[in-house]
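Numbering (the working numbering), first residue to last: -13 to 205. Okay, structure first, notes after.
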């Protein structure tokens, strides 16, 4: 039982280790962002442990992560971190957790998020007839800047309309899940530390008793 409890909050020493952040050049940093060198499972476990160990209330940590999750469903690329920080500051949530929450939007999930947000936004505004195939459009930074009004009307605005309710739902799920996991983790950790304290106290008392017995026997 004790070993199972320890596994919940200890990182194994023989775990697969990634490339140290100080040894990464630009290409390795980009590659690390796309796929962590320690593996997705280990990276997710590390992230969960990092959030659970932070000395803040579970509500503040979960709320901050939920804001980052919500922002990931908006089409404002490059501003996700800033918006998440502002929301966390206004609602007194954890700012580091809000930044970490933006990892929900990543190279693996962005294509799905964008297509869903665009079609869902068009469905909300115009009905099912407005859903269209985006593969026929050419996206480039030059085109977006020169024809911003067109892209805002046909892409960014519908993606915002579709992304906000989806982001709220995803943020709510993230909040409830993370808060539950943090509360559970801290409850188990508290019990484990209490058991350790009791064991140490019992050993100390036993040691004192043995000393007293040895003194009596020596006399």
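Virtual Cβ for every residue (Gly too), placed ideally from N, Cα, C.
Do residue 170 and the ligand MG come close, with the Cβ less than 7 Å from some heavy atom?
-> This structure simply doesn't include the ligand MG, nor any ligand for that matter.
What separation, rounded to the nearest whole angstrom, lies between the Cα atoms of residue 32 and residue 101?
-> 30 Å
Can you tell me the Cα-Cα spacing of residue 58 and residue 184, whole angstroms?
-> 46 Å
Apart from the five residues on each side of it in sequence, which residues of its chain come closer than 7 Å, Cβ to Cβ, to residue 147?
-> 107, 110 and 111
Using the beta-carbon count (16 or more within 10 Å), is residue 173 buried or exposed?
-> exposed
If you run the structure through DSSP and keep just helix, strand and coil, what is residue 109?
-> helix
Is the CB-CB distance between residue 55 and residue 160 below 8 Å?
-> yes
By Cβ distance, which residues of its chain are closer than 6 Å to residue 44, with the 5 residues on each side in sequence left out?
-> 165, 168 and 169
Pick helix, strand or coil for residue -13, following the three-state DSSP scheme.
-> Confidence in residue -13 is poor, its pLDDT being 46 and thus under 50, which makes the residue's placement too unreliable to answer from.
Residue span of the alpha helix (DSSP H) that contains residue 82, given as start and end = 81 to 87
Taking the C-alpha atoms as reference points, what is the distance between residue 238 and residue 176?
-> This structure gives no information on residue 238, because the portion of the chain shown stretches from -13 to 205.
Span separating the alpha-carbon of residue 79 from that of residue 49 | 6 Å
Nearest candidate by alpha-carbon position, reference residue 104, set 178, 77, 150 and 135 | 150
Might you give, ordered along the chain, the residues of its own chain that have their beta carbon closer than 6 Å to the beta carbon of residue 90, omitting 5 neighbours on each side?
-> 55 and 58
In or out: residue 63 buried (at least 16 other Cβ within 10 Å) or exposed?
-> exposed
Residue 181 (DSSP reduced to helix, strand or coil) | helix
Leaving out five residues before and five after residue 37 in sequence, what residues of the same chain have Cβ atoms less than 8 Å from its Cβ?
-> 47, 51, 83, 86, 164 and 168
Taking just the CA atoms, how far does residue 144 sit from residue 42?
-> 37 Å
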